[in-house]
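Under the numbering used here, the sequence shown has 12 at position 6, and the numbering climbs by one with no breaks.
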Amino acid sequence: MQIKIQTTADGSPTLFLPEMDEHYHSINGAIGESKHVYIEAGFKQCRKAEIHVLEMGFGTGLNVLLTALEAKNQKVKVFYTGLEKFPLPPEITDRLNYSETALFQSIHRAEWGKFEPVSPYLHLKKIKTDFKDFNFPDRYDIVYYDAFAPNKQPDAWSPELFGKIFSAMNRGGIITTYCAKGSVRRMMQQAGFTVERMPGPPGKRETLRGKVV
Ligand SMILES: C[S@@+](CC[C@H](N)C(=O)[O-])C[C@H]1O[C@@H](n2cnc3c(N)ncnc32)[C@H](O)[C@@H]1O
Numbered sequence: 007m008q009i010k011i012q013t014t015a016d017g018s019p020t021l022f023l024p025e026m027d028e029h030y031h032s033i034n035g036a037i038g039e040s041k042h043v044y045i046e047a048g049f050k051q052c053r054k055a056e057i058h059v060l061e062m063g064f065g066t067g068l069n070v071l072l073t074a075l076e077a078k079n080q081k082v083k084v085f086y087t088g089l090e091k092f093p094l095p096p097e098i099t100d101r102l103n104y105s106e107t108a109l110f111q112s113i114h115r116a117e118w119g120k121f122e123p124v125s126p127y128l129h130l131k132k133i134k135t136d137f138k139d140f141n142f143p144d145r146y147d148i149v150y151y152d153a154f155a156p157n158k159q160p161d162a163w164s165p166e167l168f169g170k171i172f173s174a175m176n177r178g179g180i181i182t183t184y185c186a187k188g189s190v191r192r193m194m195q196q197a198g199f200t201v202e203r204m205p206g207p208p209g210k211r212e213t214l215r216g217k218v219v
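Following this line, the structure appears as structure tokens:
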């Protein structure tokens, strides 16, 4: 599949898949969106000294990078599991110039299938799998739900999948996504989450956040 690198409105890069007509991040700002949706509304809301994060759609590794930087700020220990069916080749990831090049490279060079330290604060386990085949054997405090949009990839958004994730989360846990669709909100509610609409990043009115109460 052809992959193009594009610059978004805040100057940070994202990827575009022409065949699917889909971007990996908001064209209004990739870093801005990731910080707003996942770091501010998700990770920073957890007050534990050790935080277990699950990412649905590891992709470019941008969310891992931003989480590792925030973990260092807060001096908290993070165990981060990223699920990805289509790992990106180094020819692409080497050209994504986010920041912290050494850390970004450790994230991409880390072995798949086991926890590896990529910074003093973050252990990363990348798992090559389809979301639908994964059994969620661990427990998570924070979930970043970053699949392609429901109209482009309907099978990545289902009550069953949200139900499996809900069962794998600790009480007080938070799931956050850029998606604001009513159908997704209802799936999350059906799975057991208490869902709120959150103000969106630039270019987007709302996003969704669910809690395990
Ligand atoms: C919107 S992109 C976001 C990626 C990533 N969070 C980032 O910041 O770059 C969605 C990601 O989900 C992955 N993906 C799509 N379908 C999947 C599936 N069924 N199972 C696992 N990963 C999938 C895609 O390959 C892509 O990397």
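Glycine residues also receive a C-beta, built at the ideal position from the N, C-alpha and C atoms.
These numbers come from a predicted model, not from an experiment.
So, residue i versus residue j, is the Cβ gap smaller than 7 angstroms?
i	j	result
E49	E90	Per the sequence presented here, residue 49 reads as Phe, with Glu not at that position. Cβ atoms of F49 and E90: not closer than 7 angstroms.
Y151	T183	yes
E28	F154	yes
A74	L21	no
L72	I98	no
L102	T66	yes
Y146	A174	yes
K217	I180	yes
V70	I113	yes
C52	I148	yes
P24	Q12	no
A186	P165	no
A47	R191	no
Classify residue i as buried or exposed, calling it buried when 16 or more other Cβ atoms lie within 10 Å of its own Cβ.
i	result
S32	buried
N157	exposed
T14	buried
A162	buried
K41	buried
I57	buried
S189	exposed
G17	exposed
P207	buried
K10	exposed
G88	buried
G35	buried
Sorry if obvious, but does the Cβ on residue i come closer than 6 angstroms to a heavy atom of ligand 2?
i	result
G38	No copy of ligand 2 occurs in the structure displayed; its ligands are ligand 1 alone.
Which runs of the alpha helix (DSSP H), 4 residues or longer, sit entirely within the region 27 to 57?
Correct list: 36 to 40.
Report the start-end ranges of each alpha helix (DSSP H) in the region 86 to 160 that is 4 residues or longer and not cut off at the edges.
If we require 4 residues or more, the alpha helix (DSSP H) runs fully inside the region 86 to 160 come out as 96 to 99, 107 to 115.
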